[in-house]
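As structure tokens, the structure follows; a few thoughts come after it.
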Amino acid sequence: MERTNPHLQVFISFRGKDVRGNILSSLKEKLKDEGVNVKTDEEMPRGRKIDENLLKLIRDSKVAVVIFSENYPESTWCLDELVEIKKQMELKKLAPLPIFFEVKASHVALEEHNPFKDILLRLEDDEREIARNGKKALEARPA
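Quick note on UniProt numbering: the sequence shown kicks off at 1 and runs consecutively.
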């Protein structure tokens, strides 16, 4: 019988294609063996924007393990999770535990030119383009 402590909930934020089947599986197994209630976004439907149920999983957790990997910033889900984790940290409701999987901490801190930073800059440009196109569409709307 699995012994789980409902008061010790850990949320793990990760980019599936980078860590599923290796570090993620091992980490979840070890935490569950110790009775930790492990939550991830794996139960959530794919292809949709992050929803309130996932944000609640983060809010209800005591610890957030963020597995930073090469493709982590490509995922809007990962970035949305990270924003909520940061909010909960600022409220002193959540302790963060970063893991740098095949990336340097300096890449995540955006201290140097690297693929991690390039992805974020590309996303930023894409968002600006979406905003510009939306503005143009609104300006051209029928009166």
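Every residue, glycine too, gets a C-beta built ideally from N, C-alpha and C.
Residue from Tyr72, Glu34, Thr76 and Leu91 whose Cα sits closest to the Cα of proline 98:
What you label residue 98 is simply residue 98 of the sequence shown in a count that begins at 1. Checking every option, the nearest Cα to that of proline 98 belongs to Tyr72.
Beta bridge counterpart(s) of proline 73 as assigned by DSSP:
Translated into the one-based positions of the sequence shown, residue 73 becomes position 73. Proline 73 pairs with nothing; no bridge assigned.
Can you tell me the Cβ-Cβ gap for arginine 20 and cysteine 78, rounded? I've got them flagged as a contact below 8 angstroms.
One-based indexing of the sequence shown puts residue 20 at position 20. One-based indexing of the sequence shown puts residue 78 at position 78. The Cβ separation is near 13 angstroms, so there is no contact.
Please report the straight-line C-alpha distance between glutamate 90 and asparagine 22, rounded to a whole angstrom.
For the purposes of this step, residue 90 is taken as the residue at position 90 of the sequence shown. For the purposes of this step, residue 22 is taken as the residue at position 22 of the sequence shown. Roughly 31 angstroms separates the two Cα atoms.
In whole angstroms, what is the alpha-carbon distance linking residue 148 and lysine 28?
Residue 148 is absent from the model: the chain starts at 1 and stops at 143.
My output table needs one value for isoleucine 12: the three-state DSSP class, helix, strand or coil.
Numbered from 1 along the sequence shown, position 12 holds the residue referred to as residue 12. Strand, per DSSP.
Valine 36 beta carbon less than 7 angstroms from that of leucine 8:
For the purposes of this step, residue 8 is identified with residue 8 of the sequence shown, where counting begins at 1. For the purposes of this step, residue 36 is identified with residue 36 of the sequence shown, where counting begins at 1. Closer than 7 angstroms, so yes.
So who's on the other strand from lysine 39, going by DSSP bridges?
Taking the sequence shown and counting its residues from 1, the one referred to as residue 39 is at position 39. Note: lysine 39 sits in a beta bridge opposite Phe11.
Using beta-carbon positions only, say whether isoleucine 12 and valine 63 come within less than 7 angstroms of one another.
Numbered from its first residue, the sequence shown carries residue 12 at position 12. Numbered from its first residue, the sequence shown carries residue 63 at position 63. In this structure, valine 63 does not lie closer than 7 angstroms to isoleucine 12 by Cβ.
What residue does the alpha helix (DSSP H) around leucine 27 start on, and which one ends it?
Working through the sequence shown from its first residue, we reach residue 27 at position 27. 23-33 is the span of the alpha helix (DSSP H), which, as asked, contains leucine 27.
Would serine 75 pass as a contact of phenylalanine 101 if the rule is Cβ separation under 7 angstroms?
Within the sequence shown, numbered from 1, the residue matching residue 75 stands at position 75. Within the sequence shown, numbered from 1, the residue matching residue 101 stands at position 101. In this structure, serine 75 sits away from phenylalanine 101, with a CB-CB distance that is not shorter than 7 angstroms.
Give me the Cα-Cα distance between valine 108 and lysine 86, rounded to the nearest whole angstrom.
Locating residue 108 in the sequence shown gives position 108, where the first residue counts as 1. Locating residue 86 in the sequence shown gives position 86, where the first residue counts as 1. Valine 108 and lysine 86: Cα-Cα distance of roughly 14 angstroms.
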